[in-house]
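K.L.:
Numbering (my numbering), first residue to last: 203 to 439.
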């Protein structure tokens with residue numbers, strides 16, 4: 203019956219109805235999009251305001267001094283073993299530090315970019331419930347520890363969010379998850395441990411479902427990704 207009714211309706215009218223329906227759906231989606239933009243804008247404003255009154259702690263200043271004064275050789279090969287953390291955060295700080303940007307402007311500018319990136323992922327890209335997307339950016343850790351203090355916490359948190367987003371399609375698109383795990387390793391020594399746990403869980407699932415030979419050697423992009431991740435994690439230690 204419905205097919206007969208649809209057949210009696212002219213194609214032009216059906217296309218017009220489809221366009222009208224699409225416009226209505228798009229219009230209904232605008233308030234939610236505006237809400238997300240408002241959350242990101244409010245978060246950025248709060249973080250910038252608190253940053254104006256925040257005096258960097260000694261470890262924040264130490265990271266800036268390492269990025270500014272160490273040679274590239276020491277920055278990549280010596281300091282990571284002495285400090286116990288990968289050099290990626292120092293490499294980010296080295297961009298403004300070696301370009302002559304003032305201390306607090308450069309330090310807090312890099313931190314602000316990473317914090318906004320984290321909240322953008324949480325609000326616009328994550329699969330979290332709507333309530334959590336609105337509340338999480340203004341909690342203590344996301345707003346202050348990940349937002350105001352200039353440490354690689356926000357970048358590590360963003361890598362964890364990307365890892366969660368990539369987990370479902372890990373076997374179809376392994377390099378998405380591998381890239382997230384590599385970023386997690388580059389952020390912190392704790393990130394290396396977290397990435398190792400995720401990688402072990404991934405390997406266990408593959409071996410349990412497909413066996414050793416087919417699981418490890420059956421998909422070459424995944425095997426290449428594992429080898430790449432192991433190389434990066436080994437160099438990060």
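For glycine and all other residues, C-beta sits at the position ideal for the given N, C-alpha and C.
Contact defined as beta carbons within less than 8 Å: I believe residue 330 pairs with residue 358. What is the distance between those atoms, to the nearest angstrom?
P.N.:
Wrong, their Cβ atoms sit about 18 Å apart, outside the cutoff.
K.L.:
Helix or strand or just coil, what does DSSP make of residue 420?
P.N.:
Residue 420: coil per DSSP, three-state reduction.
K.L.:
What whole-angstrom Cβ distance do residue 165 and residue 242 have, given they're in contact under 8 Å?
P.N.:
It is not possible to answer for residue 165, since the shown part of the chain is limited to 203 through 439.
K.L.:
What are the boundary residues of the alpha helix (DSSP H) that includes residue 301?
P.N.:
Where residue 301 is concerned, there is no enclosing alpha helix (DSSP H), given that its DSSP letter is neither H nor E.
K.L.:
Helix, strand or coil: how does DSSP classify residue 282 here?
P.N.:
It is helical.
K.L.:
If we ignore side chains and look at the alpha-carbon of each, how far apart do residue 338 and residue 394 end up?
P.N.:
Rounded to the nearest angstrom, the two C-alpha atoms are 25 Å apart.
K.L.:
Let me check you understand the geometry: is the CB of residue 293 closer than 8 Å to at least one non-hydrogen atom of the ligand SAH?
P.N.:
Looking at this structure, you won't find the ligand SAH or any other ligand, since it has none at all.
K.L.:
By the DSSP assignment, the alpha helix (DSSP H) with residue 374 in it spans what residues?
P.N.:
Note, residue 374: premise wrong, no alpha helix (DSSP H); not H, not E.
K.L.:
Since I believe residue 277 is in contact with residue 292 (beta carbons under 8 Å), could you give me their beta-carbon distance rounded to a whole number of angstroms?
P.N.:
Contact holds; Cβ gap of about 6 Å.
K.L.:
According to the neighbour-count rule (16 or more other Cβ atoms, all chains shown, within 10 Å of its Cβ), is residue 233 buried or exposed?
P.N.:
Counting Cβ neighbours within 10 Å, residue 233 comes out exposed, since fewer than 16 surround it.
K.L.:
In this structure, how does DSSP classify residue 386 when only helix, strand and coil are distinguished?
P.N.:
Residue 386 falls in the helix class under three-state DSSP.
K.L.:
Looking at C-alpha atoms only, which residue of 348, 422, 284 and 281 is the closest neighbour of residue 312?
P.N.:
Out of 348, 422, 284 and 281, 348 has the C-alpha closest to the C-alpha of residue 312.
K.L.:
Is residue 258 helix, strand or coil by DSSP?
P.N.:
Residue 258: coil per DSSP, three-state reduction.
K.L.:
Hey, how far is the Cα of residue 304 from the Cα of residue 269?
P.N.:
Distance between the alpha carbons of residue 304 and residue 269 is about 13 Å.
K.L.:
Going by DSSP in three states, residue 275 sits in which element: helix, strand or coil?
P.N.:
Residue 275: helix per DSSP, three-state reduction.
K.L.:
Taking the alpha helix (DSSP H) that residue 335 falls in, what are its first and last residues?
P.N.:
332 to 337 is the extent of the alpha helix (DSSP H) around residue 335.
K.L.:
On the criterion of 16 or more Cβ atoms from any shown chain inside 10 Å, does residue 433 qualify as buried, or is it exposed?
P.N.:
Per the 10 Å Cβ criterion, exposed.
K.L.:
Label residue 427 either buried or exposed according to how many other C-beta atoms from any shown protein chain fall within 10 Å of its C-beta, with 16 as the threshold for buried.
P.N.:
Buried is the call here.
K.L.:
Got a sec? Which residues, its chain only, sit under 7 Å from residue 272 by beta carbon, not counting five neighbours each side?
P.N.:
281, listed in sequence order.
K.L.:
Of all the options 328, 288 and 360, which has the alpha carbon lying nearest to the alpha carbon of residue 370?
P.N.:
Nearest of 328, 288 and 360 to residue 370, Cα basis: 328.
K.L.:
In angstroms with no decimal places, state the Cα-to-Cα distance between residue 420 and residue 253.
P.N.:
Straight-line Cα distance between these residues: approximately 50 Å.
K.L.:
Quick one: what's got a C-beta closer than 6 Å to residue 221's C-beta in the same chain, skipping five residues either side?
P.N.:
Cβ neighbours of residue 221 beyond the five flanking positions: none.
K.L.:
Within a Cβ cutoff of 6 Å, which residues of the same chain sit near residue 424, ignoring the five residues on either side of it in sequence?
P.N.:
If we look at residue 424 and ignore the five residues flanking it on each side, its Cβ neighbours are 376.
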